[in-house]
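*Asks:* Please see the structure below; I have some questions.
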Amino acid sequence: MSSASSSHSSEQHPPGAPGVSNESDTGPAKGSVVWKKWPSALQGLIALLPAYQAFLRDGDVPGKRAWLKEAILQMMERDFPKDMVQRFGTDKLKAAATSWLNNNRNNVANDVLKALVENDCPDNAKDGCAPLPSKSTGSNDTTRRGKIVDNPLANALRARKVSPMRLWGSKNNARVQERIQATGGKQIGSWSGCVSYIWHNELEEAERSEWVKKAEELSVPDNEQCYVNQFSVTKLLVSLMSDLIGIGPNKIGKSCFTVRLAYRSPDGQLIYEDFSLAEDEKAMSFAHFGGGPAPEEDERWMKWVSTVVDKELRA
């Protein structure tokens, strides 16, 4: 298996050559990239890992290559310090990032994240510092609530592209809700399926193309990111949780999940979703098993959601 240090394609580029920052007056540094010395870059890689693993599970090699090329470039622009790019050059960093993802393809993002927790740089240090020796605090630092760097889901959400179909559904939620009511669908778990049906069967290709373009060009103010995350959270949870089922060092054994989630869309509507996961991908979902939950249970769930999910949309 190739490592970052085995890639030499960019090391001989003269200053200013393609793949090397024009601001550097020397060639890229020799030797491998030590990711622990660049915490923001390492966090960017960890954020990409769940999506990379999803492509591997699907066996979509062409899709993985196209996604990886774009995702790494976006990550480098967003997460790699300027002096890091100047030091190593873009070609070498792209090769090193690809090798890192491949070498960690069987790891859980939260396990990889321990590299930051156990060998972290001081809070006031800059990227490029040497990691401090490991130290034990006597507590599990990775479980502290509210520390985003400890949350692989939050990091993974940042790396996922906006779904054009779900973006359309969010902006046309009234039409989706009307269809759900007209077809007698259940409020819980019907939203995604209804959006998918309208998208594939009722929208013209030209309209779908416009929403694809909107999704690609979407720029998100800080506080609005939460609504973009709604487009990806269900698929991300399915991807991450399904990977835990089974026998292996990074799994939890023979197991299953049934999950209900709800969130308030930008127009104030409550969206209810659910999914079930088992080792057998063809297994019946809990929502349909034994006739499904009783109507009273669904009503109790929705009533609880309405009491705990704040109606205030803006922070």
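In terms of UniProt numbering, the sequence shown opens at residue 1 and continues consecutively. We put the beta carbon where it would ideally sit given N, CA and C, even for glycine. Just so you know, these numbers come straight off a predicted model, no measurement behind them.
1. Expressed to the nearest angstrom, what Euclidean distance is found between the alpha-carbon atoms of E217 and I245?
2. Can you tell me whether V85 is buried or exposed? The criterion is at least 16 other CB atoms within 10 Å of its CB, across all chains shown.
3. Kindly indicate which three-state DSSP category L261 falls into: helix, strand or coil?
4. What are the boundary residues of the beta strand (DSSP E) that includes S276?
5. Take residue 350 as the anchor and find which of P164, M302, L93 has the nearest alpha-carbon.
6. Taking Cβ to Cβ, would you say W191 is nearer than 8 Å to E273?
7. Would you kindly work out how many angstroms separate the C-alpha atoms of E70 and K94, rounded to a whole number?
8. For the alpha helix (DSSP H) containing G169, name the first residue and the last one.
9. For the candidate residues A283, L270, F289, A278, whose alpha-carbon lies nearest to that of W304?
10. Apart from the five residues just before and just after R260, which ones in its own chain have a Cβ nearer than 6 Å to its Cβ?
11. From V309 to R264, what distance separates their C-alpha atoms?
12. Assign G89 to buried or exposed, taking buried as 16 or more other Cβ atoms, counted over all protein chains shown, within 10 Å of its Cβ.
13. For the segment 34 to 96, list the alpha helix (DSSP H) runs that are entirely contained and at least 4 residues long, ordered along the chain.
14. Using CA atoms only, rank isn't needed, just tell me which of L68, S99, A41 is closest to A54.
15. Spatial neighbours of T258 within its chain, please: CB distance less than 6 Å, with the 5 preceding and 5 following residues excluded, ordered by chain position.
16. How far does the alpha helix (DSSP H) with T234 in it extend, from its first residue to its last?
17. Label L73 either buried or exposed according to how many other C-beta atoms from any shown protein chain fall within 10 Å of its C-beta, with 16 as the threshold for buried.
18. What's the C-alpha gap between I148 and E205?
19. Measuring only between beta-carbons, confirm whether A95 sits less than 8 Å from chain B.
20. Going by the CB atoms, is the gap between S239 and P39 shorter than 8 Å?
21. Please name the residue in E207, G193, K254, G253 whose C-alpha comes closest to that of K235.
*Replies:* The answer reads as follows:
1. In a straight line, the C-alpha of E217 is about 36 Å away from that of I245.
2. Burial call: buried.
3. Looking at L261 - three-state DSSP - the assignment turns out to be strand.
4. For S276, the enclosing beta strand (DSSP E) has its first and last residue at 270 to 277.
5. Outside the shown range of the chain, which is 1 to 315, sits residue 350, and nothing can be said about it.
6. Between W191 and E273, the C-beta gap is smaller than 8 Å, which places the two residues in contact.
7. Roughly 11 Å between the two C-alpha positions.
8. Taken as a continuous stretch (DSSP letters only), the alpha helix (DSSP H) holding G169 covers 164 to 171.
9. Nearest of A283, L270, F289, A278 to W304, Cα basis: L270.
10. Excluding residues within five positions, the ones whose Cβ falls inside 6 Å are D274.
11. Those two C-alpha atoms are separated by around 7 Å.
12. Around the C-beta of G89, 16 or more other C-beta atoms lie within 10 Å, and the residue is accordingly described as buried.
13. If we require 4 residues or more, the alpha helix (DSSP H) runs fully inside the segment 34 to 96 come out as 39 to 58, 61 to 79, 82 to 88.
14. Comparing Cα positions, the closest option is L68.
15. The residues are S276, F286.
16. Counting along the chain, the alpha helix (DSSP H) containing T234 begins and ends at 233 to 242.
17. Its Cβ having fewer than 16 others within 10 Å, L73 is exposed.
18. In this predicted model, I148 has a pLDDT of only 41, less than 50, meaning its place in the structure is not dependable; the value taken from the coordinates is given anyway. The alpha-carbon atoms of I148 and E205 are separated by roughly 39 Å.
19. Of the protein chains in the structure, only one exists, and it is not chain B.
20. No, they are not a contact pair.
21. K235 has its Cα closest to that of G193, out of E207, G193, K254, G253.
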